[in-house]
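Residue numbering for the sequence shown follows the UniProt record's numbering, starting at 1 and increasing by one per position.
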Amino acid sequence: MALLEMQAISKSFPGVRALDEVSLDLDKGEVLALLGENGAGKSTLMKILSGVYQADEGTFLIDGQPVSITSPQEAMARGIGIIHQELSLIPHLSIRENIFLGREKVHPITKKIDWHYLSQESEKRLAELGITDIDVTRPVKNLSIGIQQMVEIARILSMNCRIIIMDEPTDALTPQEAKTLFQVINALRKAGKGIIYISHKLEEIFEIADRIHVLRDGSHVDTKAVSEVNTDQLIHMMVGRNLEDKFPWVAPKPENPILELKNVTAPGHVYDIDLVARKGEVLGIFGLMGAGRTELCKTIFGVYPYEGEIQLEGCPVKIKKPKDAIDKGIVYLSENRKSEGLFLDHEVYRNVTLASLGELTTATGRLKKAEEKKAVREYVDKLRVKTPTIAQKVKNLSGGNQQKLVFAKWLMTNPKVLILDEPTRGVDVGAKVEIYHLINELKQKDVTIIMISSELPEVMGISDRILTMHKGRITGEFHHEEATQEKIMERAVGGIS
1 MALLEMQAIS
11 KSFPGVRALD
21 EVSLDLDKGE
31 VLALLGENGA
41 GKSTLMKILS
51 GVYQADEGTF
61 LIDGQPVSIT
71 SPQEAMARGI
81 GIIHQELSLI
91 PHLSIRENIF
101 LGREKVHPIT
111 KKIDWHYLSQ
121 ESEKRLAELG
131 ITDIDVTRPV
141 KNLSIGIQQM
151 VEIARILSMN
161 CRIIIMDEPT
171 DALTPQEAKT
181 LFQVINALRK
191 AGKGIIYISH
201 KLEEIFEIAD
211 RIHVLRDGSH
221 VDTKAVSEVN
231 TDQLIHMMVG
241 RNLEDKFPWV
251 APKPENPILE
261 LKNVTAPGHV
271 YDIDLVARKG
281 EVLGIFGLMG
291 AGRTELCKTI
301 FGVYPYEGEI
311 QLEGCPVKIK
321 KPKDAIDKGI
331 VYLSENRKSE
341 GLFLDHEVYR
351 NVTLASLGEL
361 TTATGRLKKA
371 EEKKAVREYV
381 DKLRVKTPTI
391 AQKVKNLSGG
401 NQQKLVFAKW
411 LMTNPKVLIL
421 DEPTRGVDVG
431 AKVEIYHLIN
441 ELKQKDVTII
451 MISSELPEVM
461 GISDRILTMH
471 KGRITGEFHH
481 EEATQEKIME
491 RAVGGIS
């Protein structure tokens, strides 16, 4: 008897049928990988299972018994927990408060919250995930994204759920943290828990999953044992086509430097940075978590004050704030599109034109609405953004389509330097390839691209040159033809070139 059965689940939103009679079953002690492109319906299906959305049609069975799930509280009461891709922690609360929020243990004598117990249990849960020597009274806002992700995982594990949904759980984790998580998943599997695992990292699927369940455009495509498929077959199931030439690298033309950093230090962030980026070049930056990659790019973008010199097209410039950078043709696509790249409650067209309103406004301050919407439609079509209308709220789009909108927003400014911080994070394999081809097109149009990525094959596949960073400093430089994983990792862990 299956632990969980979802039968003929359907769900519609205005203008789109998100799920069309999708069925799914999960056994005890099984890891079921739920796969599909962005917008395939994975998140909608899991939000229905976790009580966030209600299905229009369909039934649920747990241990063979029909059940209703009409709220997150009801889902939790039935032993269903979800680790969201977008963290649901409360930033100003401590680690222990987040882990046991709503389930605080009260001391039997004092009738007050037993903070000692909560601290012990929080430390225990984090230790299971390989996190030790951490002050559980610290606010989570002061933690790295990776540690915040571990706190989120610890919170769900502390609830002793029977069915655990993991949505991109390794997205912000280091390879070692991901390895520890897989050990925890194996322990949960042995304890008879059922795990639904969502990830765009296909190598993880082959390592951790028992079966795969593929959705495409809101419909069930197939379910197979992992042992029955290879990577190419899995990609074809997900996207309905073969993906040729995944990394479309073309050797760059020799060009003059467009951006130079000379002995740049942003105190507390990066130190003694010497960097050259040329016109029509993809400069990759690789490092482990905490290496200072994002801090370097935010320094260039004017977020952090710096010492030293920045030159643009051979002339010294001073960038004191992001507007200075944008005015000079330097733009930054953040690793966190939802909090730093988009206004989720606003429409597609408002988000895309946000950085270009000056070009779309008359001398009297009136917005040229017809031009605005025409320009937005051109970029939506060019980048193949899946949206029923440009008036759709951005929060209703998939992660991959949201990422394309951030690209569109900055491309409308006609940038000279485009800084991409984890441009394919949380994006499916098909959308990744589209982004790689877009990067290559921009490079051939003489746009300078600085790209941060935690995925080493991605950095090696798309970059013309690669810089490695460790503890806020550049530790190595490699040209495309000479780069190997071994050389790059040696420098990324602290070796000096």
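Beta carbons: idealized from backbone N, C-alpha and C, even for Gly.
As assigned by DSSP and simplified to three states, the class of residue i
i	result
Ser94	strand
Ile439	helix
Ala178	helix
Pro72	helix
Asn160	coil
Gly400	helix
Asp56	coil
Glu207	helix
Ala391	coil
Lys28	coil
Tyr306	coil
CB of residue i within 8 Å of CB of residue j, strictly
i	j	result
Leu34	Lys42	yes
Glu281	Asp464	yes
Leu333	Gln402	no
Arg96	Thr137	yes
Ile164	Ile195	yes
Cys161	Gly36	no
Lys471	Ala291	yes
Met6	Ile83	no
Pro139	Leu93	yes
Met469	Leu296	yes
Ile462	Trp249	yes
Met200	Val427	Reading the sequence as shown, one finds His at residue 200 and not Met. Contact flag set, yes.
Gly29	Arg189	yes
Ala8	Gly218	no
Gly15	Pro457	no
Glu434	Gln392	no
Leu418	Ile449	yes
Phe13	Asn396	yes
Ile205	Val226	yes
Arg473	Tyr304	no
For residue j and residue i, the rounded distance between their alpha carbons
i	j	result
Lys386	Val376	13 Å
Thr475	Leu467	7 Å
Arg216	Ala40	5 Å
Phe286	Arg425	14 Å
Lys253	Arg278	10 Å
Thr362	Met460	45 Å
His269	Glu307	12 Å
Leu118	Val151	14 Å
Ser10	Leu49	12 Å
Ala191	Pro423	37 Å
Leu87	Gln148	8 Å
Ile452	Asp421	5 Å
residue 499	Leu360	Coverage of the chain is limited to positions 1 through 497, which leaves residue 499 absent and any answer about it impossible.
Glu104	Arg125	15 Å
Arg293	Gly146	15 Å
Glu309	Ser356	28 Å
Gly399	Asn38	6 Å
residue 498	Asp327	Outside the shown range of the chain (1 to 497) lies residue 498, about which nothing can therefore be said.
Leu283	Leu61	51 Å
Ile113	Ala127	23 Å
Tyr349	Glu372	8 Å
Ala178	Gly365	51 Å
Gly58	Ser68	10 Å
Glu490	Ile134	28 Å
Ile488	Tyr436	21 Å
When the options are compared against residue i, the one with the closest alpha-carbon
i	options	result
Thr382	Ala277, Leu405 and Ser398	Reading the sequence as shown, one finds Lys at residue 382 and not Thr. Measuring from the Cα of Lys382, the nearest candidate turns out to be Leu405.
Ala408	Arg337, Asn396 and Arg473	Arg337
Gly64	Lys47, Ala2, Lys28 and Ser356	Ala2
Ile208	Val221, Val184 and His479	Val184
Met238	Thr223, Pro248 and Trp249	Thr223
Gln176	Leu129, Thr389 and His213	Leu129
Lys141	Lys179, Val380, Leu89 and Ile205	Leu89
Ile258	Leu312, Val229 and Leu283	Leu312
Ile330	Leu344, Ala492, Ala391 and Gly302	Gly302
Met289	Val493, Arg78 and Lys193	Val493
Phe247	Pro305, Glu121 and Val429	Val429
Lys193	Leu4, Leu354 and Gln120	Leu4
Gln120	Ile109, Lys111 and Thr132	Thr132
Lys320	Lys298, Glu340 and Asp135	Lys298
query = Taking one C-beta from the stretch 67-79 and one from the stretch 18-32 each time, how about it: are there three or more such pairs within less than 8 Å?
reply = no
message = If contact is defined by three or more beta carbon pairs under 8 Å, each pair taking one atom from either stretch, is the stretch 306-317 in contact with the stretch 167-183?
response = no
message = With a threshold of 8 Å, are at least 3 pairs of Cβ atoms found where one atom belongs to the stretch 86-101 and the other to the stretch 144-161?
response = yes
query = Okay, do the stretch 443-459 and the stretch 48-58 touch, 3+ Cβ pairs below 8 Å being the bar?
reply = no
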